[in-house]
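Under this note's numbering, the first residue of the sequence shown is numbered 1356, with each subsequent residue one higher.
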Amino acid sequence: MSRFIVASVALALAAGAASPLLAQAPGHRPDAGMRSGFEPAGAGPFSDDEAARFLTQATFGPTFDAIAHLRAIGYTAWLNEQFARPVSTEIPYLDWVETQPEGSNHVTDDTRLEAWTINALGTPDPSRGLIAPGDQLRQRVAFALSEIFVVSNKNGTLAYQPWALSSWYDMLATNAFGNYRQLLKDATLHPAMGIYLTHMQNQKADPTRNIRPDENYAREVLQLFSIGLVKLDTDGTPLLTGGQPIATYNQATVRGFAALLTGWNWNNTGCGPTTYVCCDESNYATCARYGYNLPSWKLPMQPIEAFHDNTSAKQLLDYSGVALPGGVLAPGGNASVELDAALDNIFLHPNVGPFIGRRLIQRLVTSNPSPAYVQRVAAAFSNNGAGVRGDLKATVRAILLDPEARYGQWLFPSTFGKLREPLVKNLQLWRAMNASSETGRIETLNPYPPIEDWYGQGPLRSTSVFNFFQPDYGHSGEISNLGLHSPEFQILTDTTAVATNNRLFSLSFCWHSDGGSCWENGHGATLYLDTARDAPLAASNPAALLDRYNLLLMSGQMSPFMRQTLLARLNALTGSSRGRQRVQHALYLILNSPEYSVQK
């Protein structure tokens, strides 16, 4: 069964390029009238389907209210509204849970997932008087950034530090509409990253004691967080010399950045000016190395100059227009000055716009953006229209309002789209069905085994710094043969294909309002679907039910063949509970269908 799913979804992504006749065959998704003829891409939406499709890219899934609101104000006003909304953070939720009688000393990484889910879904937050978070776009972009700037609870220290990971995610959310240069600095100095990629307490070289600066973060900040391994044209395609790509840096560059990143340590620990590892019983209460809910996790690392290398010249990135002659940083600066020089050296590299732009496009819109799409987004990153480089707000706007984002399913039917991440499938179901719990708390994202065992992913639970999947991964077979990328296929294994289906079965059949239940946790934190909303319609008009779910889950893109097949199944369900059963069967079959699995 799982191999059939993999093959079917691969065919859905690549069918047009592999067989033009198949893409146009009767019973498959029909071509729509071109919407890109006269109005600019940002002028819509002109239908509920277009609104739902935009919200699928920009949020964790559309709702009826969200569709109506977007139709009323339009794309541009909606984006401006979202940009202006205050950030919803996780730390206050963890602090609140710790004050509850049942929560004292029981805040874990599952509690962090609870806070993440409330913010992602926009359900009423019990820590804020049941006010619902409203920054859906910010939360969606923060999740995308968390799959680029990776830290994870799979680290042995971070696994037991939920405040550290919540603080990290709050940093990403805060910077989601800020400037990339500030994001790069905040990520570099965050204690969670300092622990995860081991540049915290990095010491200057001392050959007599066999001390050499740790190169871990120095390597990954270049390869994964900023410029990548090869020099790129403005459209994201590799620059070549003699037919071969050109490396962006070498080992000397890594050593230069590693030497520069020496001397950074915990903040608020009493360390310094000459003491580096200063956690002991005398300062146990303030030292985050041994603590739990402590301010040091929330503060950027501080420099201790005695351990910083300020005597050697450091080779940084060398590129056309680089501010440093030859990319070499002269000795003599303190840790903070040299760090700023290094971050500027990265930030101004011409690769950053196309590199980061392409990765955000892949996370929000499509796995295979055209070079022209990448170039337009990179241009917005380079200049937001007011001469500012690195404006992530302008970058996100360019991604979502690009003609390819709005009309790519028609412009490039053979290559446009992306496999939906299983975690996002989960959230889209909950949002579409107005899921809620009795108390506002949520525990159904934290089953045993852990969520990543079901889906192959969980928020800040990647098994490596390379994320759950790599951006250039191409599933074997037709996708890779066509030279396409399909990152999310990397976690669509035989195990997760079945486990995800089973998990979505449990969620689809989780109901409460008319007397049944799926499971109970005993304290009102089970998240239930509002099946009562759609059950009367399902009982009387299953065709209309499918139209409703086609809008909410598939942006009106369900093929006639799929609709006819589902309708036959729903009509076969009879009896007094047919309304609820038809809702449940429709949801489960849609969520696990190849057509739904590819977001177009």
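We put the CB at the ideal spot given by N, CA and C, even for glycine.
- Spanning the alpha carbons of residue 1847 and residue 1825 requires a straight line of approximately 13 angstroms.
- When DSSP reads this structure, residue 1585 sits in a beta bridge with 1602.
- For residue 1658, the pairing in a beta bridge is given by DSSP as 1619.
- Around the CB of residue 1857, fewer than 16 other CB atoms lie within 10 Å, so the residue is classed as exposed.
- Bridge partners of residue 1746 according to DSSP: 1534.
- Under the DSSP definition of a beta bridge, residue 1728 lacks any partner.
- Taking the C-beta atoms as reference points, residue 1810 is found nearer than 7 angstroms to residue 1777.
- Taking C-beta atoms under 8 angstroms as the contact rule, residue 1690 and residue 1660 qualify, at a distance of about 6 angstroms.
- Assignment of beta-bridge partners to residue 1954 by DSSP yields 1773.
- Residue 1442: not part of any alpha helix (DSSP H); DSSP gives it neither H nor E.
- Using a Cβ distance threshold of 7 angstroms, residue 1446 and residue 1507 do not count as a contacting pair.
- Cβ-Cβ distances below 6 angstroms link residue 1464 to 1508, 1517 in the same chain, with the five nearest sequence neighbours on each side left out; the list follows chain order.
- In the three-state reduction of the DSSP assignment, residue 1882 falls in the coil class.
- In the three-state reduction of the DSSP assignment, residue 1683 falls in the strand class.
- Going by DSSP, residue 1861 is part of the alpha helix (DSSP H) stretching over 1849 to 1863.
- Below 8 angstroms, too few C-beta pairs join the segment 1543 to 1552 and the segment 1711 to 1724 to call them touching: fewer than three.
- As a beta-bridge residue in DSSP terms, residue 1670 pairs with 1683.
- Between residue 1784 and residue 1946, the beta carbon gap of about 6 angstroms places them in contact (Cβ cut-off 8 angstroms).
- DSSP places residue 1593 within a strand segment (E or B) once states are collapsed to three.
- Measuring C-alpha to C-alpha distances from residue 1792 to each of 1814, 1885, 1766 identifies 1885 as the nearest.
- A residue is called buried once 16 or more other Cβ atoms fall within 10 Å of its Cβ, and residue 1595, having fewer, is exposed.
- Taking the C-beta atoms as reference points, residue 1552 is found no nearer than 7 angstroms to residue 1535.
- A contact is defined here as three or more CB-CB pairs under 8 angstroms, and the segment 1694 to 1710 fails this definition with respect to the segment 1492 to 1507.
- Secondary structure of residue 1561 (DSSP, three-state): strand.
- Note: residue 1569 is not bridge-paired with any residue in the DSSP secondary-structure output.
- Taking a contact as a CB-CB distance under 8 angstroms, the pair residue 1880 and residue 1796 counts as one, their CB atoms being some 4 angstroms apart.
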